[in-house]
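**Q** Residue numbers (the working numbering), protein chains in the order written: chain E, 3 to 282; chain V, 64 to 370.
Ideal placement from N, C-alpha and C gives every residue a C-beta, glycine not left out.
Sharing a structure here in structure tokens format.
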Amino acid sequence: MIAAPPSPISVAELRATALTLRQRLVTTSASAKIPHLGSCLSCVELLVALYWQELRINPAQPEDPDRDRFLLSKGHGAPILFQVLAERGFFPLERLEDFGKAGSVFHEHPPKPGYIPGIEAATGSLGHGLPMALGMALAARIQQRPTRCYALLSDGECNEGSIWEAALLAASQKVHTLTAVIDFNKWQATGRSQEVMALDPLAAKWEAFGWHAQEIDGHEFEAIEAALAAARAETERPSVIVAHTVKGKGVSFMEDDNNWHYRTPNPEELAAALAELEPV
Amino acid sequence: MRDAFAQEMTRLAAERADLTLLSGDIGNRMFDQFKQVAPERFFNCGIAEANMMSVAAGMALSGLRPVIYTITPFTTTRCLEQIRVGVAYHQAPVVIVGTGSGLSYAELGPTHHSLEDMAILRTLPGLNVVAPADSAELVAQLRDALDAANPTYMRIGKKGEPLLHGGSAQLGIGRANLLREGTDLLVVGVGPILGEALEAAEIAAADGFSVAVASLGGVKPLDYVFLEAMTKRVRHWISLEEHGITGGVGSAVLEWLAELKGEPVRLKRLGVPDRFLHELGNQSYTRSKLGLDASGVYKAIRQELMA
């Protein structure tokens with residue numbers, strides 16, 4: 003059985019969803035003291051575009067074998083992924099009231115499948131998600147399923163050798179059903195990603211590794227949709243979308259300030275953040 | 064052993080459409096028949112074991128039964144985190160096969176020795192750790208592993224190891240079997256090195272000692288029913304493994320014995336001492352240097368029984 007295709011949705015609706023998710027994210031980060039806020043805020047549009055426009059998934063049947071697979075390879079983005087999955091209907095929003103509480107499955111990273119509907123893999127350790135998504139894409143090819151596989155990476159994650167091992171094998175195997183999206187927010191935990199490991203030119207590196215590479219503004223829904231469509235149209239190479247993003251996007255005093263990799267908002271900062279996240 | 068593995072994999076490829084084989088760029092020509100049966104299910108993943116392990120985990124989470132094959136250190140400690148997270152934590156039913164384990168490639172030096180793999184991997188929850196003594200045990204365990212809900216690590220030898228099990232053995236994961244009956248002393252161990260124990264038992268018989276030899280098949284799960292029965296029959300035990308003395312079969316059995324109420328058993332561990340080996344030679348030279356050949360095991364048997 004084929005999972006339901008996404009229904010058409012307007013850019014205005016996507017933007018409204020992104021705003022709602024950002025509000026819930028900063029609120030939860032403040033109340034539950036969950037870090038990685040900057041890393042979550044930079045990939046909101048990417049996740050919304052994937053979950054509301056691209057992925058062939060059905061929240062009522064989260065284990066449909068024909069479904070597309072999404073792996074949050076940058077597992078520290080789990081706080082925003084949990085918000086996405088709740089809003090998309092994989093589980094009731096009330097479950098997130100347990101976020102950060104002792105004994106809850108909702109903490110800083112995705113657990114293995116079976117605990118939270120919609121989670122395909124546990125990915126708190128970087129460099130695992132893309133290779134696992136590659137394995138799932140190869141499995142779908144063998145099983146002759148229509149499944150496409152997506153992995154969302156961070157730029158810091160591209161420090162890991164296993165990412166480049168996966169890049170080489172995916173290219174030799176011509177796994178065109180695999181799409182990597184890189185949340186290129188230019189920061190990793192303790193410094194500028196370009197200064198730590200010389201990532202630039204990032205898209206050209208992937209191109210040189212045999213991938214179909216695109217560079218886009220990772221906060222523009224039209225650009226994300228077009229890039230995902232182009233990736234789907236590719237019939238030989240795996241695709242990478244290098245999405246230029248701003249760490250902490252949407253809250254002025256968090257934008258491009260790497261302190262928000264680990265900090266959580268105090269009550270005043272939360273109020274200020276929410277004031278900026280009001281619908282216009 | 065590796066030829067038996069390749070032949071069985073070819074048979075299994077024809078039997079099950081969910082079987083995939085991932086090789087770390089070794090086994091040139093060894094899998095030609097597998098590739099004829101299932102070309103779309105063979106993957107040379109290159110010299111990139113971390114990725115190979117995660118790819119296998121992804122395949123297993125999608126319903127396939129991947130088997131990984133490469134030289135033991137590279138499919139174990141090289142990519143330990145991918146085994147821990149991708150395979151063991153996810154309980155992705157991958158079968159990880161390490162070839163040339165122990166001192167099979169002794170002359171290739173410490174980079175190619177695997178004397179820590181069982182100790183390290185048996186700490187991972189939900190991962191079977193097996194070490195077949197011969198091709199018959201290998202085939203039975205491989206079939207069990209592919210039917211199991213959990214992942215398995217299997218360390219095998221190289222070429223030409225003798226058959227040690229008789230026809231009546233009940234082989235499989237978690238099943239121990241007596242290779243030889245005896246009443247004075249029991250050698251418990253895993254792997255083809257048990258051939259040395261059988262020879263040693265034969266030499267000891269000439270001295271009037273009755274020595275039993277058992278293959279435990281692996282270190283996790285242990286066959287506690289068999290072990291407990293043996294504690295009631297034999298008081299002197301020796302553990303034997305082509306593995307470091309720390310954390311392997313001897314340790315696993317000792318951990319269990321220490322908490323066992325009932326018959327006291329003395330256990331002497333034989334294995335590779337806690338150091339890297341620099342005096343290189345082939346497998347039989349190295350076993351002999353370390354007292355792990357038939358003569359060394361015989362000496363240990365005498366020491367235990369004469370003490």
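If I'm right that Thr149(E) touches Asp70(E) with Cβ under 8 Å, what's the distance once you round it to whole angstroms?
**A** Here residue 149(E) is taken as the residue at index 147 of the first sequence, counted from 1. Here residue 70(E) is taken as the residue at index 68 of the first sequence, counted from 1. The pair is a contact, with the Cβ atoms about 6 Å apart (cut-off 8 Å).
**Q** For Gly193(E), count the other beta carbons within 10 Å of its own beta carbon; 16 or more makes it buried, fewer makes it exposed. Which is it?
**A** Counting from 1 along the first sequence, the entry for residue 193(E) is found at position 191. With fewer than 16 other Cβ atoms within 10 Å, it is exposed.
**Q** Give the interface partners of Met199(E) over in chain V, defined as CB-CB distance under 7 Å, in chain order.
**A** Taking the first sequence and counting its residues from 1, the one referred to as residue 199(E) is at position 197. Near Met199(E) there are no residues of chain V at all, since even the closest Cβ is about 17 Å away, more than 7 Å.
**Q** Specify, as a first and last residue, the run of the beta strand (DSSP E) that Ser278(V) falls within.
**A** Counted from its first residue, the second sequence places residue 278(V) at position 215. From DSSP, the beta strand (DSSP E) with Ser278(V) extends over 274-278.
**Q** With distance defined between alpha-carbon atoms, name the residue in Ala203(V), Val282(V), Ile301(V), Leu323(V) nearest to Leu261(V).
**A** In the second sequence, residue 261(V) corresponds to position 198, counting from 1. The candidate whose alpha carbon is nearest that of Leu261(V) is Ile301(V).
**Q** Give the interface partners of Lys114(E) over in chain V, defined as CB-CB distance under 8 Å, in chain order.
**A** Here residue 114(E) refers to the residue found at position 112 when the first sequence is read from its first residue. Those are Tyr152, His153, Gln154, listed as they occur along chain V.
**Q** Quick one: what's Ile134(V) bridged to in DSSP?
**A** The residue you call residue 134(V) lines up with position 71 of the second sequence. Paired residue(s): Thr162(V).
**Q** Taking a contact to mean a Cβ-Cβ separation below 8 Å, would you say Leu227(V) touches Ile256(V) in this structure?
**A** Here the question's residue 227(V) lines up with position 164 in the second sequence. Here the question's residue 256(V) lines up with position 193 in the second sequence. No, these two residues do not count as a Cβ contact at 8 Å.
**Q** In chain V, which residues lie with their C-beta within 8 Å of the C-beta of Gly79(E)?
**A** By one-based count along the first sequence, residue 79(E) stands at place 77. Near Gly79(E) there are no residues of chain V at all, since even the closest Cβ is about 17 Å away, more than 8 Å.
**Q** Assess contact between the region 100-112 of chain V and the region 110-120 of chain E, defined as three or more Cβ pairs (one per stretch) separated by less than 8 Å. Is contact present?
**A** no
**Q** Name the one or two DSSP bridge partners that Ala153(E) has.
**A** Position 151 of the first sequence, counting from 1, holds the residue named residue 153(E). For Ala153(E), which the question treats as bridged, DSSP gives the partners Leu73(E), Ala182(E).
**Q** Find the residues of chain V that neighbour Ala210(E), judging by a C-beta separation of less than 9 Å, and give them in chain order.
**A** Numbered from 1 along the first sequence, position 208 holds the residue referred to as residue 210(E). The premise fails here: Ala210(E) is roughly 17 Å from chain V at the closest Cβ pair, so nothing lies under 9 Å.
**Q** What are the complete beta strand (DSSP E) segments, minimum 3 residues, inside the region 196-280 of chain E?
**A** 214-219, 241-246
**Q** Assuming Ile146(V) is part of the beta strand (DSSP E), what are its boundary residues?
**A** Numbered from its first residue, the second sequence carries residue 146(V) at position 83. Run containing Ile146(V): none; DSSP gives neither H nor E here.
**Q** Between Ser12(E), Val107(E), Ser33(E), which lies nearest to Leu273(E) when the distance is taken from Cα to Cα?
**A** Counting from 1 along the first sequence, the entry for residue 273(E) is found at position 271. Here residue 273(E) is Ala; the residue named in the question, Leu, does not match the sequence. Comparing Cα-Cα distances from Ala273(E) to each of Ser12(E), Val107(E), Ser33(E), the minimum goes to Ser33(E).
**Q** Identify the residues that DSSP records as bridge partners of Asn345(V): which are they?
**A** Within the second sequence, the letter at position 282 stands for residue 345(V). DSSP lists no partner for Asn345(V).
**Q** If you draw a straight line from the alpha carbon of Lys370(V) to that of Ile159(V), how long is it in whole angstroms?
**A** Stepping through the second sequence from its first residue, residue 370(V) is reached at position 307. Stepping through the second sequence from its first residue, residue 159(V) is reached at position 96. Per the sequence shown, residue 370(V) should be read as Ala rather than Lys. Distance between the alpha carbons of Ala370(V) and Ile159(V): 42 Å.
**Q** Using 8 Å as the limit for Cβ to Cβ distance, is Glu280(E) near chain V?
**A** As a first step, residue 280(E) is located in the first sequence; it is residue number 278 there, counting from the start. Glu280(E) does not count as touching chain V.
**Q** Establish whether the CB of Leu127(V) and some CB of chain E are separated by less than 8 Å.
**A** Position 64 of the second sequence, counted from the start, is the residue given in the question as residue 127(V). Yes - at least one Cβ of chain E is within 8 Å of the one on Leu127(V).
**Q** Quick one: grab the DSSP three-state call for Val282(V).
**A** Here residue 282(V) corresponds to residue number 219 of the second sequence, with the count starting at 1. Three-state result, Val282(V): strand.
**Q** With a CB to CB cut of under 6 Å and the five nearest residues on each side skipped, what residues in its chain are close to Leu178(V)?
**A** Working through the second sequence from its first residue, we reach residue 178(V) at position 115. Counting only Cβ-Cβ distances below 6 Å, and skipping sequence neighbours, we find His306, Gly307, Val335.
**Q** Taking His109(E) as the query, report the chain V residues whose CB atoms sit under 9 Å from its CB, ordered along the chain.
**A** Taking the first sequence and counting its residues from 1, the one referred to as residue 109(E) is at position 107. Residues of chain V whose Cβ lies closer than 9 Å to the Cβ of His109(E) do not exist, since the nearest Cβ in that chain is about 15 Å away.
**Q** Give the residues of chain E in contact with Asn213(V), contact being defined as C-beta atoms less than 7 Å apart.
**A** Numbered from its first residue, the second sequence carries residue 213(V) at position 150. Simply none; closest approach about 13 Å.
**Q** Starting from Ser127(E), follow the beta strand (DSSP E) in both directions and report where the run begins and ends.
**A** Taking the first residue of the first sequence as position 1, residue 127(E) is located at position 125. Per DSSP, Ser127(E) belongs to no beta strand (DSSP E) and is neither H nor E.
**Q** Exposed or buried, which one is Ile134(V) when buried takes at least 16 other CB atoms within 10 Å?
**A** Reading the second sequence from its first residue, position 71 is the one you call residue 134(V). Under this definition Ile134(V) is a buried residue.
**Q** Note down, in chain order, every chain E residue with its Cβ under 7 Å from the Cβ of Ser117(V).
**A** For the purposes of this step, residue 117(V) is taken as the residue at position 54 of the second sequence. Going along chain E in sequence order, the residues near Ser117(V) (Cβ under 7 Å) are His130, Pro133, Met134, Gly137, Ser164.
**Q** Please name the residue in Glu65(E), Glu222(E), Asn60(E) whose C-alpha comes closest to that of Val244(E).
**A** Looking up residue 244(E) in the first sequence gives position 242. The option with the nearest alpha carbon to Val244(E) is Glu222(E).
**Q** Exposed or buried, which one is Asn114(V) when buried takes at least 16 other CB atoms within 10 Å?
**A** Here residue 114(V) is taken as the residue at index 51 of the second sequence, counted from 1. The residue in question, Asn114(V), is buried, as its Cβ has 16 or more Cβ neighbours within 10 Å.
**Q** Taking Cβ-Cβ distances shorter than 8 Å, what residues in chain V pair up with Leu154(E)?
**A** Indexing the first sequence from 1 puts residue 154(E) at position 152. In chain V, no part has a C-beta under 8 Å from the C-beta of Leu154(E); the shortest such distance is about 15 Å.
**Q** Looking at chain V, is there any beta carbon in it that lies within less than 8 Å of the beta carbon of Leu180(E)?
**A** For the purposes of this step, residue 180(E) is taken as the residue at position 178 of the first sequence. No, no contact with chain V.
**Q** So, are the CB atoms of Arg147(V) and Val282(V) less than 8 Å apart?
**A** Numbered from its first residue, the second sequence carries residue 147(V) at position 84. Numbered from its first residue, the second sequence carries residue 282(V) at position 219. No.
**Q** Between Ala166(V) and Gln346(V), is the Cβ-Cβ spacing less than 8 Å?
**A** Within the second sequence, residue 166(V) is the residue found at index 103, counting from 1. Within the second sequence, residue 346(V) is the residue found at index 283, counting from 1. Per the sequence shown, the amino acid found at residue 166(V) is Leu instead of Ala. Yes, they are a contact pair.
**Q** How should Val13(E) be labelled, buried or exposed, when 16 other C-beta atoms within 10 angstroms of its C-beta is the threshold for buried?
**A** What you label residue 13(E) is simply residue 11 of the first sequence in a count that begins at 1. Val13(E) comes out exposed.
**Q** For Ala210(E) and Ser358(V), what's the separation of their Cα atoms in angstroms?
**A** Locating residue 210(E) in the first sequence gives position 208, counting from the first residue. Locating residue 358(V) in the second sequence gives position 295, counting from the first residue. The straight-line gap from Cα to Cα measures roughly 58 Å.
**Q** Would you give the residue range spanned by the alpha helix (DSSP H) that Arg17(E) belongs to?
**A** Taking the first sequence and counting its residues from 1, the one referred to as residue 17(E) is at position 15. Looking at the DSSP string, the run of the alpha helix (DSSP H) that includes Arg17(E) is 13-34.
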